[in-house]
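Numbering (our numbering), first residue to last: 7 to 558.
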């Protein structure tokens with residue numbers, strides 16, 4: 007079925023012979039066969055020897071592994087994507103576990119910081135306030151007319167690094183690479199977008215190489231009108247397109263999700279994708295150590311998009327298991343930069359109010375742990391080392407198996423390392439992180455911590471939404487994705503200390519998530535196509551495999 011998908015792809019004009027070498031979607035490099043070289047007039051434009059794709063992968067990996075820094079590896083892979091798209095995705099598919107930390111967190115954060123200095127060629131669409139009133143016309147410039155998924159950022163909150171302006175484009179590009187590598191969404195269906203509304207990063211404004219808008223961020227009605235124009239331009243130019251909001255600041259993220267989630271097909275990965283992968287970790291932890299989700303008391307360090315997104319989805323999951331909304335919220339507690347969120351606090355943001363409980367205020371996170379005695383701590387603060395030795399020792403004192411989720415990205419911002427989590431809880435912590443950590447050997451026992459990577463969730467959800475042509479993306483879809491992911495964790499994974507399946511299984515897991523998400527779309531009456539007889543085959547028919555197609 008994947009081959010049929012490739013064969014259905016068409017290009018607006020018949021390429022000339024040189025286009026077959028310089029268009030990354032067409033190029034096969036030294037893998038063009040004799041027959042293709044005859045038919046396309048490629049003799050003399052290539053060395054006479056012919057390589058298989060496997061041999062090309064071998065060459066690419068040899069060059070990749072000779073790079074002496076992660077940033078150089080990132081640049082090498084970006085160049086390969088620009089040169090030979092199919093080979094790039096073949097390399098990712100075959101070596102995903104090795105490539106994931108390079109094409110996405112943590113290296114993508116450094117790549118965004120250095121974006122204006124390492125820039126080679128553009129990927130995606132850039133729109134700005136300078137283009138107001140012309141967004142629809144600009145989208146028509148994109149050569150692929152069948153766009154099924156857009157990842158858009160305004161660059162205000164890139165990972166835990168803050169405002170990077172137009173340099174945040176590395177995030178949509180990286181996310182869409184994962185859509186293809188992890189779930190087989192065809193790259194021609196993917197469109198990365200950065201909407202440049204300025205930056206408050208003075209260092210960038212003063213960088214002579216910065217190529218974004220050199221003014222402070224647009225706010226208020228002017229900002230909202232730009233987002234509205236873009237959303238409507240997508241509806242004008244494409245059909246059945248999923249829009250993923252990525253790395254927007256708290257000031258806009260919740261508002262935009264609330265405004266558009268029931269108008270168009272959209273979700274916010276920082277709020278909903280992070281929530282889903284964290285909930286999956288909770289479900290898997292219950293399988294690992296025994297217990298019920300409804301019996302947990304969870305203390306969050308951080309009450310922004312990720313934290314309250316996780317809390318909201320956990321509340322819905324607890325309600326699904328029989329609790330009232332009030333009872334479920336009473337099991338979720340939050341701290342922010344000012345301390346524990348309680349009712350006595352003044353001027354709380356709207357998204358924090360549901361979690362402002364009647365309790366004595368605690369200014370310090372350790373004091374909050376001592377007072378509340380949570381079963382789980384979830385770090386989404388971007389504060390490195392915030393899960394200190396006293397905090398983790400206190401968690402171990404009041405729990406036989408404390409749940410410790412240090413989810414902040416990149417690695418340098420993690421609330422604790424895997425070694426710290428295990429060492430300071432006498433090896434009893436159930437640990438998960440947002441960025442990868444190496445295995446830990448503690449007193450002769452090896453732990454291989456699981457990474458709560460959103461890539462376990464959003465590619466599969468996206469594939470299910472695209473295949474079913476769902477009108478909207480619902481919380482039920484994300485809860486379903488969490489259950490599927492948690493169910494894919496094996497006893498062997500638990501014995502290694504991991505509450506997530508190995509990354510090598512992510513493509514298989516994504517297809518299962520996609521089928522389950524599509525099932526929800528059909529059940530909720532949101533699908534735009536008839537329900538197929540065999541849902542798994544239906545999903546598989548939408549999956550792209552990075553293999554060369556024949557031109558003769």
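Backbone N, C-alpha and C define an ideal beta-carbon position, used for all residues, glycine too.
Out of curiosity, what's the CA-to-CA distance linking residue i and residue j?
| i | j | result |
| --- | --- | --- |
| residue 271 | residue 265 | 12 Å |
| residue 452 | residue 49 | 55 Å |
| residue 67 | residue 363 | 54 Å |
| residue 467 | residue 159 | 19 Å |
| residue 610 | residue 476 | The requested residue 610 does not occur in the structure, where the chain is confined to residues 7 to 558. |
| residue 224 | residue 172 | 14 Å |
| residue 354 | residue 313 | 15 Å |
| residue 317 | residue 338 | 6 Å |
| residue 97 | residue 141 | 35 Å |
| residue 268 | residue 536 | 21 Å |
| residue 210 | residue 170 | 8 Å |
| residue 445 | residue 104 | 15 Å |
| residue 229 | residue 497 | 49 Å |
| residue 291 | residue 501 | 12 Å |
From what residue to what residue does the beta strand (DSSP E) around residue i run?
| i | result |
| --- | --- |
| residue 447 | 446–448 |
| residue 251 | 248–251 |
| residue 412 | 409–412 |
| residue 385 | 382–385 |
| residue 437 | 436–439 |
| residue 155 | 155–159 |
| residue 198 | 196–202 |
If you count every other CB in all the chains shown that lies within 10 Å of the CB of residue i, and 16 or more means buried, which is it?
| i | result |
| --- | --- |
| residue 22 | exposed |
| residue 257 | exposed |
| residue 153 | buried |
| residue 190 | buried |
| residue 369 | exposed |
| residue 24 | exposed |
| residue 298 | exposed |
| residue 280 | buried |
| residue 396 | exposed |
| residue 539 | exposed |
| residue 558 | exposed |
| residue 404 | exposed |
| residue 285 | buried |
| residue 214 | exposed |
| residue 72 | exposed |
| residue 401 | buried |
| residue 510 | exposed |
| residue 251 | buried |
| residue 90 | buried |
| residue 556 | exposed |
Give the single residue among the options whose Cα lies nearest to the Cα of residue i.
| i | options | result |
| --- | --- | --- |
| residue 442 | 162, 549, 346, 423 | 423 |
| residue 417 | 146, 148, 439 | 439 |
| residue 194 | 373, 31, 387, 323 | 31 |
| residue 146 | 197, 268, 429, 192 | 197 |
| residue 231 | 213, 317, 201, 245 | 201 |
| residue 289 | 406, 59, 408, 495 | 495 |
| residue 59 | 79, 341, 99 | 99 |
| residue 174 | 254, 296, 183, 214 | 254 |
| residue 513 | 316, 551, 501 | 551 |
| residue 429 | 479, 346, 506, 408 | 408 |
| residue 485 | 433, 325, 537, 546 | 325 |
| residue 306 | 378, 273, 168 | 378 |
| residue 245 | 531, 493, 472 | 472 |
| residue 421 | 36, 383, 448 | 383 |
| residue 553 | 37, 28, 27, 26 | 37 |
| residue 483 | 493, 103, 463, 57 | 463 |
| residue 182 | 134, 249, 335 | 249 |
To the nearest whole angstrom, what separates the beta carbons of residue i and residue j, a pair I think is in contact under 8 Å?
| i | j | result |
| --- | --- | --- |
| residue 85 | residue 176 | Their Cβ separation, rounded to whole angstroms, is 14 Å, which puts residue 85 and residue 176 out of contact at 8 Å. |
| residue 199 | residue 156 | 6 Å |
| residue 474 | residue 528 | 6 Å |
| residue 385 | residue 365 | Their Cβ separation, rounded to whole angstroms, is 20 Å, which puts residue 385 and residue 365 out of contact at 8 Å. |
| residue 188 | residue 504 | Going by Cβ atoms, the distance from residue 188 to residue 504 rounds to 18 Å, so no, they are not a contact pair. |
| residue 374 | residue 346 | 5 Å |
| residue 349 | residue 309 | So it is not a contact: roughly 15 Å between Cβ atoms. |
| residue 108 | residue 76 | 6 Å |
| residue 278 | residue 315 | 6 Å |
| residue 111 | residue 447 | Not confirmed; about 24 Å, so no contact. |
| residue 481 | residue 319 | 7 Å |
Could you pull the start and end residues of the alpha helix (DSSP H) that residue i belongs to?
| i | result |
| --- | --- |
| residue 341 | No alpha helix (DSSP H) holds residue 341; the beta strand (DSSP E) holding it covers 338–342. |
| residue 56 | It is not in any alpha helix (DSSP H) - residue 56 carries neither H nor E in the DSSP assignment. |
| residue 132 | Residue 132 -> not in any alpha helix (DSSP H); beta strand (DSSP E) instead, spanning 131–134. |
| residue 273 | Counting along the chain, residue 273 falls outside any alpha helix (DSSP H), though it belongs to the beta strand (DSSP E) covering 272–274. |
| residue 476 | Note, residue 476: premise wrong, no alpha helix (DSSP H); not H, not E. |
| residue 180 | 176–189 |
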